[in-house]
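Below is one structure, written out as structure tokens, with a few remarks after it.
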Amino acid sequence: MNIEDIQQYLPKNVKVEICGNIAFFEVPALHIKEIATNLHANKNLPLHLITATDERAEKEGFKIWYVFGISKKNMFVVPFIRLQNTVTFPSLTPAIHSACNFEKKIHTFFGLTPVLHPDLRPIILHENWPANLFPLRKDFDWQTKVKEIHGTYQFQKVEGEGIYEIPVGPIHAGIIEPGHFRFSVAGEEIMLLEAKLGFVHKGSEKLFETLPLSNKLRLCEKISGDSSFSHSLAFCQAAEQLSDALPPKRALYLRVIYAELERLANHFGDIGAIMIDTGFNFGGANGARLREMIMQINERLTKSRFLRNVNTIGGVTKDINAKEIIVLGKDLEKIQKDFFEIIAIAQNSASLLNRLKGTGVLLPKTAKDYGALGVAAKAVGILSDIRVDFPYAAYDELGFNTIETESGGDVYARFRVRVKEVYASMNLIQNALTKLPKGPILTPRNTTVFKKNALAIGMVEGWRGQIIYVITTDLAGNISRVAPCDPSFLNWSLVGEAGPLNVVPDFPLINKSFNLSYSGNDL
Amino acid sequence: MFIDIIIWIIQIILVPAVAPLCVGIIRKIKAKLQNRQGAGIFQPYQDLWKLFHKDEVISKDASWIFRCAPYIVFTVTIIIGASIPLFASFINNTVTGDLLIIIYTLAIGTFFLALAGIDTGSAFGGFGSSREMTVAALAEGGFIFSLLTVALISGSTNVFTISQTGLLYQSQYLLSGTLAFFGFFIVLLAETARFPFDNPATHLELTMIHEAMILEYSGKKLALMEWASANKLLIFIALASNLFFPLGIAQSAGISAVMLGMVIFMIKIVIFCLVIAVLESSIAKFRFFRLPDLLIIAFIFNVVAIILIH
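Have a look at this one:
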């Protein structure tokens, strides 16, 4: 990486360290707000992640990292601040709204307080968790049995004549993930909607610190089960940056094929589920059928319906042979034809379109402020797709450069984005199958030790949106912290914004059109 | 008189005995239309059997209304089932066979169902009841006026007499009869919690109407509630088929006429189930605030039908 390329993004008088495609530098805590706002607002860099590390054992105190990416160049500018002898730091939230949840999370899990943050209620951890225990500090043993306290969570209140509250969940009538939603309603119209999640918190980030490397990889696949491949891919890409095991070409193409198969399966499932939530049973049944066809292809190719155990550091473990390439190409053609017919019927149903259009409208400004990712962002016309902005695997070589967008921001727009992405994914897979280069699929790696005292970032466009993994290593070259972030973490706030002014019976449909992961949010 | 009592007894048994089958048939046809195998048409009987053998959980906040409502709701459907023509129109029922009695006895069931929904104080029951009452109040106009149309045509408010005269076939009443039927059919869908008003198959608690009201029930009481709603479906199908299409109904007390009446009644049930299933497979559920439009259409159909009678 060339320092000139990023010179314009660096403040003066800082000591910049380069690690792969990352430039990181320490800035005084007092200046971070000014520097971050400059990068975000003036230089237009997206803020991908804010996370903290506990390096008190190395006498380095706590560090807070602010990850900014330079799109098209595939480079990252990462200013960090160091907190020695203090547990407070200036909050970015008043200036950059998308920092809100990241700072809340640091507050809850590290016990570091962002000063002037507007909302410091705990996030993810249950109200029965003691307020003075911070699970991501290194001196917190992961096996600690925690004494239950009986706290309360303060929901926002709407008052006025005829306003009442509907508490929904965390246990639902259907078999879905647990989450609590608090509706303040006037008649059937939603006035305020607040989601409280965290019911599937599994301590994944803490587990990343204790599990051996091979199990870290398995753990990634379980962060959000429906995005197993994308999560493990993001982790592997970060780990590959830290070692010299860069995957061979064939593996990069295979990764594209598997990742797009995952996208296809989930988009089919979502398109069907959106239709079934309106009661349009024909579309629902067919969405489920197409998803199943892809899942069976996955199983045939990799012995795993969710593409687990496929990614590994240095490549992939499952190849696609010449015969399978032809069969897969034909299967996909058939599925594409089916899909085309189903969508044609759906688009002709006035009752279906009436339910989808104008429901759950998200305004572009709101989406931008919250740092919307993936399908939700594309549905308001935001051009963001990691496959194009920070190309990885073989997306660059396959000439993938179109981001499918819509402008409505309603359920229909999110439905259409998925439909368009299905066609794009089909083309990508066919393209990758014809251009699949020969050669090995795995670069063997003999050591489990990585570059010492380093930082690496892996970013992938999962089917929901951007998945990012930040990995740091200690002085011995062991992984000291893994900070995963599923797009759900930022997008959950959007569901709360898209709900109000709709009627209560439309909320499940709005929620389904986002289809966010509870597990990926709760970690 | 003796034959009347026999028919009465048969009807009291027939409605609860056949009603779950209607639900089973609709589900089976829906499954087939979605390329699924689906459960057998007798599954609802097995579900009821299962529920009757389960223990119940009753909220400690529940009052006597919650405990009594299933019996009231179920009894109402049995009484109405015996008070309308199913397969024979010759019996002389002047007590409960009046259409206003039928409409408002059914309303007692709806009333207690809605009360039971509110009774436990759960949020879902509350909005389920609120929605049910909104729909029921708006459907009532269409319901009364559609039956009034056929009553005016037949010159009697007794449903057996209406069914017996079958004046709808005369060409000067064809248009009013058709309009009244469509109005009634919309009411049928609303009252029996079917598409596009309600989705009987949904698991999304926030979208439910009927299911939200009975969400707190379990075990035997849930079985009674489910059974009563199946009965209600059969009652509306019977009213639609025998008031508007009385063809084939037994008009005299012969064994062969009654047997034929029963067979034809079964055929009519299957046809209505088919129509409902096709409808549920081909359209999406309407938004809640569009439902009043549909119910007002039903009302207007019937008003026009009455105007056209003379």
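Residue numbers (the numbering used here), protein chains in the order written: chain A, 1 to 523; chain B, 1001 to 1310. Cβ coordinates follow ideal geometry from the N, Cα and C atoms, glycine included.
Alpha carbon to alpha carbon, how far is residue 1276 (chain B) from residue 1097 (chain B)? Give it in angstroms, no decimals.
The residue you call residue 1097 (chain B) lines up with position 97 of the second sequence. The residue you call residue 1276 (chain B) lines up with position 276 of the second sequence. Each residue's alpha carbon lies about 26 Å from the other.
Using the rule of at least 16 other Cβ atoms within 10 Å of the residue's Cβ for burial, across every protein chain shown, is residue 9 (chain A) buried or exposed?
Counting from 1 along the first sequence, the entry for residue 9 (chain A) is found at position 9. Buried is the call here.
Which residues, in order along the segment 161–177 of chain A, keep a beta-carbon less than 7 Å from a beta-carbon of chain B?
166, 167, 168, 172, 173, 174
With respect to the alpha helix (DSSP H) encompassing residue 191 (chain A), which residues constitute its N-terminal and C-terminal limits?
Locating residue 191 (chain A) in the first sequence gives position 191, counting from the first residue. Here residue 191 (chain A) belongs to no alpha helix (DSSP H); instead the beta strand (DSSP E) covers 189–196.
Since residue 480 (chain A) is in the beta strand (DSSP E), which residue starts that stretch and which ends it?
Residue numbering aside, residue 480 (chain A) sits at position 480 when the first sequence is read from its first letter. That run of the beta strand (DSSP E) goes 479–485.
Does the distance from the C-beta atom of residue 59 (chain A) to that of residue 52 (chain A) stay below 8 Å?
One-based indexing of the first sequence puts residue 59 (chain A) at position 59. One-based indexing of the first sequence puts residue 52 (chain A) at position 52. Contact: no.
For residue 485 (chain A), is the beta carbon positioned less than 7 Å from some heavy atom of the ligand ADP?
The ligand ADP is not part of the structure shown, which contains no ligands of any sort.
Just reading off the beta strand (DSSP E) that residue 1224 (chain B) is part of, what are its end residues?
Mapped onto the second sequence, residue 1224 (chain B) falls at position 224. Premise fails: residue 1224 (chain B) lies in the alpha helix (DSSP H), 1219–1244, not in any beta strand (DSSP E).
Of the residues that make up the segment 345–373 of chain A, which ones have a beta carbon closer than 9 Å to any beta carbon in chain B?
Going along the segment 345–373 of chain A in chain order, one finds 349, 350, 351, 352, 353, 354, 355, 356, 359 with a Cβ nearer than 9 Å to chain B.
To the nearest angstrom, how far is it from the Cα of residue 366 (chain A) to the Cα of residue 377 (chain A)?
Taking the first residue of the first sequence as position 1, residue 366 (chain A) is located at position 366. Taking the first residue of the first sequence as position 1, residue 377 (chain A) is located at position 377. For residue 366 (chain A) and residue 377 (chain A), the distance between alpha carbons rounds to 10 Å.
With a Cβ-Cβ cutoff of 8 Å, do residue 523 (chain A) and residue 371 (chain A) count as a contact?
Taking the first residue of the first sequence as position 1, residue 523 (chain A) is located at position 523. Taking the first residue of the first sequence as position 1, residue 371 (chain A) is located at position 371. No, these two residues do not count as a Cβ contact at 8 Å.
Ends of the beta strand (DSSP E) at residue 184 (chain A)?
For this step, residue 184 (chain A) is matched to residue 184 along the first sequence. Its beta strand (DSSP E) spans residues 180–186.
What distance in whole Å lies between the Cβ atoms of residue 268 (chain A) and residue 300 (chain A), which are believed to be in contact at a cut-off of 8 Å?
One-based indexing of the first sequence puts residue 300 (chain A) at position 300. One-based indexing of the first sequence puts residue 268 (chain A) at position 268. Going by Cβ atoms, the distance from residue 300 (chain A) to residue 268 (chain A) rounds to 17 Å, so no, they are not a contact pair.
Which residue from A:184, A:252, A:418 puts its Cα closest to that of residue 272 (chain A)?
Along the first sequence, one-based indexing puts residue 272 (chain A) at 272. It is A:418 whose Cα lies nearest to the Cα of residue 272 (chain A).
Would you say residue 1280 (chain B) reaches chain A, if we count a Cβ-Cβ gap shorter than 8 Å as a contact?
Taking the first residue of the second sequence as 1, we reach residue 1280 (chain B) at position 280. Judged by the 8 Å Cβ criterion, residue 1280 (chain B) is in contact with chain A.
I want to verify the contact list: residues of chain A whose CB lies under 9 Å from the CB of residue 1283 (chain B), in sequence order.
Taking the first residue of the second sequence as position 1, residue 1283 (chain B) is located at position 283. The contacting residues are 279, 280, 349, 350, 351, 352.
Roughly how many angstroms separate the alpha carbons of residue 1224 (chain B) and residue 337 (chain A), rounded to a whole number?
Here residue 1224 (chain B) refers to the residue found at position 224 of the second sequence. Here residue 337 (chain A) refers to the residue found at position 337 of the first sequence. About 47 Å.
Determine the direct distance from the alpha carbon of residue 452 (chain A) to that of residue 102 (chain A), and round the result to whole angstroms.
Residue mapping note: residue 102 (chain A) aligns to position 102 of the first sequence, counting from 1. Residue mapping note: residue 452 (chain A) aligns to position 452 of the first sequence, counting from 1. So the two alpha carbons sit approximately 26 Å from each other.
For residue 23 (chain A), report the span of its beta strand (DSSP E) as first-last.
As a working note, residue 23 (chain A) is residue 23 in the first sequence. It spans 22–26 - the beta strand (DSSP E) in which residue 23 (chain A) sits, taken as one unbroken run.
Is there at least one Cβ from chain B nearer than 8 Å to residue 507 (chain A)'s Cβ?
For the purposes of this step, residue 507 (chain A) is taken as residue 507 along the first sequence, with counting starting at 1. Yes - at least one Cβ of chain B is within 8 Å of the one on residue 507 (chain A).
What residues from the segment 486–503 of chain A come within 8 Å of chain B, judged by C-beta to C-beta, listed N to C?
503
Quick one, which residues of the segment 1030–1063 of chain B are near chain A if we go by CB-CB under 8 Å, in chain order?
Taking 8 Å as the Cβ-Cβ cut-off against chain A, the residues of the segment 1030–1063 of chain B that qualify are 1030, 1033, 1034, 1035, 1036.
Comparing the C-beta of residue 456 (chain A) with each C-beta of chain B, is any distance below 8 Å?
By 1-based counting over the first sequence, the position of residue 456 (chain A) is 456. By this cut-off, residue 456 (chain A) is not an interface position.
Since residue 1067 (chain B) meets chain A, which of its residues come closer than 8 Å, beta carbon to beta carbon?
Along the second sequence, read from residue 1 onward, the residue named residue 1067 (chain B) stands at position 67. Per Cβ cutoff of 8 Å: no residues; residue 1067 (chain B) is ~23 Å from chain A at best.
Taking the alpha carbon of residue 47 (chain A) as the reference point, which residue from A:242, A:472, A:100, A:433 has its own alpha carbon closest?
Numbered from 1 along the first sequence, position 47 holds the residue referred to as residue 47 (chain A). The candidate whose alpha carbon is nearest that of residue 47 (chain A) is A:100.
Taking Cβ-Cβ distances below 7 Å as the criterion, which residues of the segment 185–212 of chain A are in contact with chain B?
188
Classify residue 48 (chain A) as helix, strand or coil using the three-state DSSP reduction.
Taking the first residue of the first sequence as 1, we reach residue 48 (chain A) at position 48. In this structure, residue 48 (chain A) counts as strand in the three-state DSSP scheme.
State the CB to CB distance for the pair residue 98 (chain A) and residue 369 (chain A), rounded to an integer number of angstroms; the pair is presumed to be in contact (CB under 8 Å).
Mapped onto the first sequence, residue 98 (chain A) falls at position 98. Mapped onto the first sequence, residue 369 (chain A) falls at position 369. Correct: roughly 7 Å between the Cβ atoms.
I need the straight-line Cα distance from residue 229 (chain A) to residue 302 (chain A), nearest angstrom please.
Within the first sequence, residue 229 (chain A) is the residue found at index 229, counting from 1. Within the first sequence, residue 302 (chain A) is the residue found at index 302, counting from 1. Distance between the alpha carbons of residue 229 (chain A) and residue 302 (chain A): 11 Å.
Relative to the C-alpha of residue 49 (chain A), which residue among A:125, A:486, A:509 is closest?
For the purposes of this step, residue 49 (chain A) is taken as residue 49 along the first sequence, with counting starting at 1. Among A:125, A:486, A:509, the Cα nearest to that of residue 49 (chain A) is on A:486.
Answer with buried or exposed for residue 434 (chain A), where buried requires no fewer than 16 other C-beta atoms within 10 angstroms of its C-beta.
By one-based count along the first sequence, residue 434 (chain A) stands at place 434. Counting Cβ neighbours within 10 Å, residue 434 (chain A) comes out exposed, since fewer than 16 surround it.
Specify, as a first and last residue, the run of the alpha helix (DSSP H) that residue 273 (chain A) falls within.
Mapped onto the first sequence, residue 273 (chain A) falls at position 273. Segment 249–277, the alpha helix (DSSP H) holding residue 273 (chain A).
Pick from A:188, A:410, A:406: whose alpha carbon is nearest that of residue 163 (chain A)?
Locating residue 163 (chain A) in the first sequence gives position 163, counting from the first residue. That would be A:188, whose Cα lies nearest to the Cα of residue 163 (chain A).
Sort B:1161, B:1106, B:1027 by Cα distance to residue 1249 (chain B) and report the nearest one.
The count along the second sequence starts at 1 and reaches residue 1249 (chain B) at position 249. Measuring from the Cα of residue 1249 (chain B), the nearest candidate turns out to be B:1161.
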